[in-house]
Amino acid sequence: MGEVIEASQTENYRDKIARRAAQEVEDGMLINLGIGIPTKVADFIPSEKSVFFHAENGIAGTGPSPLPGEENANLCNAGGFPVTLVPGASFFDSATAFAIIRRGLLDMTILGVLEVSQQGDIANWIVPGKRVPGMGGAMELAQKAKKVLVLTTHLDKQGRSKIVRECNLPLTAKASADLIITDMAVMEVKKEGLYLREVMHPYTVADVIGATEAELLIEGDVKIFR
Amino acid sequence: MGNTWNKEISLQEALSYFHSGMTLMVGGFGGVGNPPSLIQGMLDKGVTELTIISNDTAFPDIGLGRLITNRRAKKVIASHIGSNPNAGSQMTAGELEVEFCPQGILAERVRAGGVGLGGILSDIGIGTIAEKGKEKITVADKEYLLETPLTAEVAIVYAKKADRFGNLVYDTSARNFNPLVAMAGDITIVEAEEIVEVGELDPEEIVTSGVFVTYIVKSEGVNWKWAWEK
Chain A
1 MGEVIEASQT ENYRDKIARR AAQEVEDGML INLGIGIPTK VADFIPSEKS VFFHAENGIA
61 GTGPSPLPGE ENANLCNAGG FPVTLVPGAS FFDSATAFAI IRRGLLDMTI LGVLEVSQQG
121 DIANWIVPGK RVPGMGGAME LAQKAKKVLV LTTHLDKQGR SKIVRECNLP LTAKASADLI
181 ITDMAVMEVK KEGLYLREVM HPYTVADVIG ATEAELLIEG DVKIFR
Chain B
227 MGNTWNKEIS LQEALSYFHS GMTLMVGGFG GVGNPPSLIQ GMLDKGVTEL TIISNDTAFP
287 DIGLGRLITN RRAKKVIASH IGSNPNAGSQ MTAGELEVEF CPQGILAERV RAGGVGLGGI
347 LSDIGIGTIA EKGKEKITVA DKEYLLETPL TAEVAIVYAK KADRFGNLVY DTSARNFNPL
407 VAMAGDITIV EAEEIVEVGE LDPEEIVTSG VFVTYIVKSE GVNWKWAWEK
């Protein structure tokens with residue numbers, strides 16, 4: 001039996017999403033974590049699993065944040081924050097970092113979105129006229145990682161579903177998401193459509209369907225993730 | 227036979243190669259690996275109207291972010307400007323032209339320029355607004371976008387160690403875009419933390435051959451506080 005990371009008494013929805021996402025991590029994977037909730041996934045991966053984290057600037061094998069005072073200002077993740085290395089880590093230039101992604105050698109990318117559609121289209125880099133940060137490495141990651149895991153709140157700040165029939169915002173990549181994990185549900189994108197696989201306790205299937213703009217398909221049992 | 231290679235010049239001398247209106251390529255990623263002394267020198271000299279090619283615009287008071295904050299750029303070709311709100315506000319106000327390019331494609335465009343290729347074919351961004359204005363080329367029944375190479379009048383690079391010929395060793399993830407940028411300048415100026423004699427670097431550890439390097443300047447060190455520093 002593998003180590004199971006239990007929910008803490010005070011767990012917030014972000015940690016719960018990250019804890020569920022960590023269940024998708026398999027031994028031996030090379031994984032890229034986006035900023036925000038995806039970064040937290042690392043905290044929930046059981047210690048007996050060996051994985052390497054990939055950083056777009058040019059690292060395979062980043063480890064936890066260094067202790068205060070022990071930072072190397074040049075050794076940072078793609079967000080510009082200090083990291084450590086795990087044994088077996090390597091450095092390369094940023095072209096090679098993306099060669100790894102385009103060549104299909106990145107097993108999983110875990111990223112946040114503004115919108116994700118029931119076909120798996122992802123929009124996460126621009127709100128025209130409002131927020132225009134640029135795509136960074138998101139297009140390559142979404143388009144080329146073997147498995148694309150989307151972590152997001154189910155609703156935006158205005159209470160609208162971020163899980164939509166068609167994205168309204170400009171796309172990062174078409175038909176790229178494989179699994180969507182929110183504070184309300186776990187949904188799988190397949191050719192036939194978007195399947196509701198799990199609901200996050202205490203939400204019900206009816207709650208999730210009511211809150212989701214996309215069409216949700218159900219086959220078999222919908223599990224409860226506590 | 228002695229070796230007379232010496233590409234080291236003073237910062238003052240290096241600054242004679244920077245002028246307003248030029249195209250400048252800058253190594254670095256989120257400010258990490260931006261060459262601090264050359265950037266400070268450009269600010270002090272009053273170089274402006276720059277077209278900057280770099281992964282990002284760093285942070286407002288870090289690295290090349292200062293060139294943006296001090297309004298020294300008219301155009302930026304980058305993958306990301308989100309960590310420097312000044313870049314966003316200047317873009318919104320129509321004062322800064324920004325050409326966005328997916329990060330890995332930007333790296334390859336810089337590399338293509340640096341290695342003498344006429345362009346690269348990639349399927350990144352097909353079906354998104356990133357394909358706008360790009361020629362489509364079909365190879366073996368698969369559609370690609372033609373991505374054009376990038377070079378610059380001057381490329382600036384940050385290295386941990388340079389020998390006097392310009393052979394370079396980088397520091398951890400400060401490598402990032404630097405080896406690519408080092409190849410893509412008509413003139414490549416390296417700012418090195420340490421300059422050593424020819425022969426002192428193990429040929430096996432050299433990441434960038436000095437063949438690509440025009441000049442070397444001794445770094446005066448980072449003169450900003452990192453975003454994570456309290």
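Chain order of the listed sequences is A and B.
Mapping the first sequence onto this note's numbering, position 7 (from 1) lands on 7, and the numbers just tick up by one.
Mapping the second sequence onto this note's numbering, position 121 (from 1) lands on 347, and the numbers just tick up by one.
All C-beta atoms, glycine included, are put in the ideal place defined by N, C-alpha and C.
As the structure is a prediction and not an experimental result, all values here were calculated from the model.
Looking at the backbone, the Cα of Gly392/B and that of Arg14/A are separated by about 48 Å. In the three-state scheme derived from DSSP, where H, G and I count as helix and E and B as strand, Asp282/B is classed as strand. Within the DSSP secondary-structure output, Gly63/A pairs in a beta bridge with Thr84/A. Within chain B, no residue has its beta carbon less than 8 Å from that of Met108/A; the closest one is some 17 Å off. Per DSSP, reduced to three states, the secondary structure at Val208/A is helical. For Lys190/A, there is no enclosing alpha helix (DSSP H); the enclosing beta strand (DSSP E) has its first and last residue at 185 to 190. DSSP, reduced to helix, strand and coil, places Leu250/B within a strand of the structure shown. For Gly314/B, the nearest beta carbon of chain A is closer than 8 Å to its own beta carbon. Between Ser94/A and Phe326/B, the CB-CB gap reaches or exceeds 8 Å. Within chain A, no residue has its CB atom less than 9 Å from the CB of Ile278/B, the nearest being about 14 Å off. With respect to the 8 Å criterion, Asp107/A and Lys162/A are not classified as neighbours on the basis of their beta carbons. In the assembly as shown, Gln238/B is an exposed residue. Its beta-carbon has fewer than 16 other beta-carbons within 10 Å. If you check each beta-carbon in the segment 386 to 407 of chain B against every beta-carbon of chain A, the ones closer than 7 Å belong to Asp397, Thr398, Ser399, Ala400, Arg401, Asn402, Phe403, Pro405, Leu406. Counting the other Cβ atoms within 10 Å of the Cβ of Ile218/A gives fewer than 16, which makes it exposed. At a cut-off of 8 Å between beta-carbon atoms, Gly339/B makes no contact with chain A. Here the alpha carbon of Asp428/B sits roughly 39 Å from the alpha carbon of Gly272/B.
Within 7 Å of the CB of Cys167/A, no CB atom of chain B is found; the nearest one sits about 10 Å away. The beta carbon of Ala73/A is closer than 8 Å to those of Pro82 in its chain, skipping five residues each way along the sequence. Residue range 262 to 271 is occupied by the alpha helix (DSSP H) that includes Leu264/B. Counting C-beta pairs closer than 8 Å gives fewer than three between the segment 331 to 338 of chain B and the segment 283 to 297 of chain B, which falls short of the contact rule. For the segment 68 to 82 of chain A, the set of residues with a beta-carbon nearer than 9 Å to any beta-carbon of chain B comprises Pro68, Glu71, Asn72, Ala73, Asn74, Leu75, Cys76, Asn77, Ala78, Gly79, Gly80, Phe81, Pro82, in chain order.
When the five nearest sequence neighbours on each side are left out, the beta carbons in the same chain lying within less than 6 Å of the beta carbon of Trp125/A are those of Met135, Ala138, Thr172, in order along the chain.
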